[in-house]
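Chemist: Pasting in a structure now, in structure tokens, and then I'll have a few things to ask.
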Amino acid sequence: MSDALEQLWRETPRPDRAQGRVRLLCVRIAAGVHQCPERVRVTPELGVEGDRWSLKPDRHPEEQVTLMEWRVAELLAGATVPIHAAGDNVLVDLDLSEDALPVGTQLQLGTAIVEVTAKPHNGCGKFRDRYGDAALGWVNDRAHRERRLRGVNCRVVSPGEIAVGDAISRRGPD
Numbered sequence: 000m001s002d003a004l005e006q007l008w009r010e011t012p013r014p015d016r017a018q019g020r021v022r023l024l025c026v027r028i029a030a031g032v033h034q035c036p037e038r039v040r041v042t043p044e045l046g047v048e049g050d051r052w053s054l055k056p057d058r059h060p061e062e063q064v065t066l067m068e069w070r071v072a073e074l075l076a077g078a079t080v081p082i083h084a085a086g087d088n089v090l091v092d093l094d095l096s097e098d099a100l101p102v103g104t105q106l107q108l109g110t111a112i113v114e115v116t117a118k119p120h121n122g123c124g125k126f127r128d129r130y131g132d133a134a135l136g137w138v139n140d141r142a143h144r145e146r147r148l149r150g151v152n153c154r155v156v157s158p159g160e161i162a163v164g165d166a167i168s169r170r171g172p173d
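Last residue of the sequence shown: number 173 in numbering that gives the first Met the number 0, and the count goes up by one each step with no gaps.
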């Protein structure tokens, strides 16, 4: 199956590297319980307001907000799994690769600004439960880790609102 996912990934059009769109928002209110509102507020203190990240006693700012490419989520979800199942806060039409978005790159999503952090965003046991071993192996494969198929972790630099359909623009480093 990971070979099939790889083939499908190569066949889908690659998103823009400098600008994109917010396709879906996800607030994880409890383990495995997701809400997909049309709009969220993000702050440096709480990350995505209402998200369970803010309730963690050991929360780390470098993983406040998670972004995942819409096309990867679509490939994984197929016809049987909800598109929001991965639990990433923001699904985007934007190239999230290391080459396109080096650590420290800031992105404006709606009126908020987030920054890509060095904290890797890897698939875990919950990811395996939702998508299977082959999907976990594909997103975590060292041979193409620079693609960031599982997505990126970000910290909130400037609070604001993000809505489905909002433009995303890249801001440094060059």
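All C-beta atoms in this analysis are idealised placements derived from N, C-alpha and C, irrespective of residue type, glycine included.
Since this is a predicted model, take the numbers as computed values, not measurements.
#1: Ends of the beta strand (DSSP E) at Leu-90?
#2: Which ranges does the beta strand (DSSP E) cover as unbroken runs of at least 3 residues, wholly within the region 46-106, from first to last along the chain?
#3: For Leu-95, collect the residues of the same chain with a Cβ closer than 7 Å to its Cβ; drop the 5 residues on either side in sequence, then sort them by chain order.
#4: Can you give the beta carbon distance from Gly-103 to Glu-114, rounded, assuming they're within the 8 Å contact cut?
#5: Is it right to say Arg-13 is buried, meaning 16 or more other beta carbons lie within 10 angstroms of its own, or is it exposed?
#6: Are there 16 or more other CB atoms within 10 angstroms of the CB of Arg-169, so buried, or fewer, so exposed?
#7: Would a C-beta distance cut-off of 9 Å place Thr-48 and Glu-97 closer than the cut-off?
#8: Could you give the distance in angstroms between the alpha-carbon of Trp-52 and the alpha-carbon of Thr-110?
#9: Buried or exposed for Val-32, going by 16 or more other Cβ atoms inside 10 Å?
#10: Identify the continuous alpha helix (DSSP H) that holds Gly-19 and give its terminal residues.
#11: In this structure, does DSSP put Arg-127 in helix, strand or coil?
#12: Between which two residues does the beta strand (DSSP E) holding Ala-111 run?
#13: Looking only at DSSP bridge pairs, what is Leu-148 linked to?
#14: Please classify Leu-54 as buried or exposed, where buried requires at least 16 neighbouring CB atoms within 10 angstroms.
#15: Label Cys-123 either buried or exposed according to how many other C-beta atoms from any shown protein chain fall within 10 Å of its C-beta, with 16 as the threshold for buried.
#16: Just verifying my parser: in three-state terms, what is the DSSP assignment at Glu-160?
#17: Is it buried or exposed for His-83, if we count other Cβ within 10 angstroms and need 16 for buried?
#18: May I ask which residues mark the beginning and end of the alpha helix (DSSP H) holding Ala-166?
#19: Quick check: what's the CA-CA separation for Cys-25 versus Asp-92?
Modeler: With the given structure in hand:
#1: 89-92
#2: 64-68 and 89-92
#3: Leu-66, Glu-68, Arg-147, Gly-150 and Val-151
#4: 6 Å
#5: exposed
#6: buried
#7: At residue 48 the sequence reads Glu, which differs from the Thr that was named. Contact: no.
#8: 21 Å
#9: exposed
#10: First-last for Gly-19: 18-24, but that is the beta strand (DSSP E), not the alpha helix (DSSP H).
#11: helix
#12: 111-115
#13: Note: Leu-148 sits in no beta bridge, so no partner.
#14: exposed
#15: exposed
#16: strand
#17: buried
#18: First-last for Ala-166: 166-170, but that is the beta strand (DSSP E), not the alpha helix (DSSP H).
#19: 15 Å
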